[in-house]
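Just so you know, we're using my numbering here: the sequence shown kicks off at 690 and counts up by one.
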Amino acid sequence: MRVAFVLFRYFAFGGMQRDMLATAELCAVRGHEVTIYCHGWDGDRPSGLDVHVLEVSGSANHVRAARFDRALQEQLTAARPEVVIGFDKTSGLDIYFAADPCFVTRTATRPWPYRLLPRHRTFRRLEEAVFGPESKTQILLLDPTEQDNFQRTWQTDDERFAVLPPGIAKDRCKTDDATALRHAGREEFGVGEHDRLVLLVGANFRLKGLDRAMQAIADLPNELRARTQLLAVGQDAPTWAKTLAAKLGIEKHVTMLAGRRDIPRLLQAADLLLHPAHRDTTGTVLLEAIVAGLPVLCSADCGYAHHIKAGQCGFIATGWGHNSDAQRHLVALLQSDTALMRTAALHYAQQHDLHGMHAEICNRIETSSRK
């Protein structure tokens, strides 16, 4: 089967991008002919997959998105794939991997003139191409709560939706070398046996709540703050974040690093995963922490937050800042023995399918065909 994968931009450490590539590689292993269409590829090209970079110009995202959509339709008309699966909203999709929330819902509170701008009209049109009543695109949800938002906006039929299981990479699981990984990771960052290492992972520090995390570290009691380090991994240190760390007086307590491939080692090295995201469709790293046996403190604005509650392996906070529930939970987690939470996390991982996403997507591709 000839399968086309579509996304705007690939970069190695994005969650949706990793899901796309893992699914494409599994499709290729199953014997399908896979072509990836994008307008930007940042990283190594995968072997065995045909990557077509459709270079389109434009100074604004919405301009590039519209031009990419037009160029994509020309490519699909010529190539005639049997199934087209999109990881961003474009025209002509048979299957859509819903990594992003409803655009119309998310922007509904902006002043009404925003809806007249070309940006809004473009992204609304692309969303309608996927979810509108005239579309037949099958929609694979990561967060089932988003279905209500899409249906209120577009009146999309129920039968077009399906909810995917998570797709956590098996290398995130705790293994027999966990102790060695922990020692190596803590040695790299100079974290002592009685110190505390708090890990934040996300390709977009602002969206994933690095500001909240740094404020929380600054608000710790003096003795606890003195032996706590925040390690933020996902992008080079942005100017705003360095400025905030200096303003809070915690420069020596915060390390910011670009994306890395040794996340399993960092999950074992850490004492806590802190994920105070302002918005996160899933929060895949929450489940990566669970399978690694790492306690979690996260915001309620993450699609996978309910797993933390169900697994009894951390806390979900609705308020952040001084005297908030998040701050109280953070102090408690850093001061207490979290062995029971670690055990609960590993037990939850054994009892639930947290790895089957990519196989499920491939199954759906194989039962779909272009009309």
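Here a beta-carbon is modelled for each residue, glycine too, at the ideal position from N, C-alpha and C. If you're wondering where the values come from, they're calculated on a predicted model, not measured in any experiment.
Beta strand (DSSP E) segment containing residue i, residue limits
i       : result
Asp1014 : That residue, Asp1014, is in no beta strand (DSSP E); its alpha helix (DSSP H) goes Asp1014 to Gln1024.
Asp739  : Asp739 to Val742
Gln827  : Gln827 to Leu830
Thr642  : Lying before the first or after the last residue shown, residue 642 is absent from the chain, which here runs from 690 to 1060.
Leu986  : Val985 to Ser988
Ala1006 : Gly1003 to Ala1006
Ala787  : Ile784 to Ala787
Simplified DSSP assignment, three categories, for residue i
i       : result
Val880  : coil
Phe694  : strand
Tyr1037 : helix
Glu649  : Nothing about residue 649 can be read from this structure; the chain reaches only from 690 to 1060.
Leu853  : coil
Ala921  : strand
Gly948  : coil
Tyr803  : helix
Thr1027 : coil
Glu714  : helix
Cys1051 : helix
Ala818  : helix
Phe776  : coil
His872  : helix
Arg885  : strand
Trp929  : helix
His964  : strand
Asp731  : strand
Asp708  : helix
Asp1064 : Residue 1064 is absent from the structure shown; the chain starts at 690 and stops at 1060.
Asp969  : strand
Check whether residue i and residue j have beta carbons under 8 Å apart
i       : j       : result
Gln836  : Phe850  : yes
Cys880  : Gly923  : Residue 880 is actually Val in this sequence, not Cys. Taking 8 Å as the Cβ cut-off, Val880 and Gly923 do not qualify as a contacting pair.
Arg861  : Ile952  : yes
Val1020 : Leu961  : no
Leu975  : Ala1006 : no
Arg753  : Val745  : yes
Val723  : Phe757  : no
Ala701  : Gly948  : yes
Leu765  : Leu743  : no
Pro855  : Met1046 : yes
Gln840  : Asp783  : no
Gly874  : Leu955  : yes
Lys863  : Ala818  : no
Phe644  : Pro927  : Residue 644 lies beyond the residue range present for the chain, which begins at 690 and ends at 1060; the question has no answer from this structure.
Tyr699  : Cys727  : yes
Gly703  : Ala892  : yes
Gln816  : Phe792  : The residue you asked about is not Gln; residue 816 is Glu in the sequence shown. Yes.
Gly992  : Leu831  : yes
Ile1050 : Thr712  : yes
Trp929  : Pro965  : no
Gln990  : His967  : Checking the sequence, you will find Asp at residue 990 rather than Gln. Yes, the pair counts as a contact, with Cβ atoms nearer than the cut-off.
Boundaries (first-last residue) of the alpha helix (DSSP H) holding residue i
i      : result
Gln762 : Asn750 to Ala768
Thr973 : Thr973 to Ala981
Gly647 : Within the shown structure, residues of the chain are numbered from 690 to 1060, placing residue 647 beyond reach of any answer.
Phe702 : Here Phe702 belongs to no alpha helix (DSSP H), and DSSP marks it neither H nor E.
Phe839 : Glu835 to Trp843
Ala907 : Leu899 to Ala907
Val793 : Phe792 to Arg795
Asn893 : Asn893 -> no alpha helix (DSSP H), and no H or E assigned at all.
Ala915 : Asn911 to Ala915
Cβ neighbour criterion (16 or more within 10 Å) applied to residue i
i       : result
His998  : The question names His, but residue 998 in the sequence shown is Lys. Lys998 is exposed by the Cβ-count criterion.
His942  : buried
Leu1022 : buried
Arg769  : exposed
Asp1042 : exposed
Glu977  : buried
Ala982  : Looking at the sequence itself, residue 982 is Gly, so the reference to Ala does not match. Classification of Gly982: buried, given that the 10 Å Cβ count is 16 or more.
Leu870  : buried
Asp969  : buried
Gln1039 : exposed
Ile1011 : Rather than Ile, the amino acid found at residue 1011 in this sequence is His. Exposed is the call here.
Tyr785  : buried
Ala767  : exposed
Thr1027 : buried
His872  : exposed
Leu1029 : exposed
Pro984  : buried
Leu853  : buried
Integer Cβ distance of residue i from residue j, believed to fall under 8 Å
i       : j       : result
Arg776  : Met709  : Looking at the sequence provided, one finds Phe at residue 776 rather than Arg. Confirmed, Cβ separation roughly 5 Å.
Leu986  : Ala1015 : 7 Å
Asp664  : Arg916  : For the chain, the structure presents residues 690 to 1060; residue 664 sits outside this window and is missing.
Ala921  : Met945  : 5 Å
Val980  : Ile857  : 6 Å
Thr1064 : Thr845  : No statement about residue 1064 is possible, as the shown extent of the chain runs from 690 to 1060 and does not include it.
The ligand HEM heavy atom lying under 7 Å from the CB of residue i
i      : result
Lys941 : Among the components modelled here there is no ligand, and therefore nothing to report on the ligand HEM.
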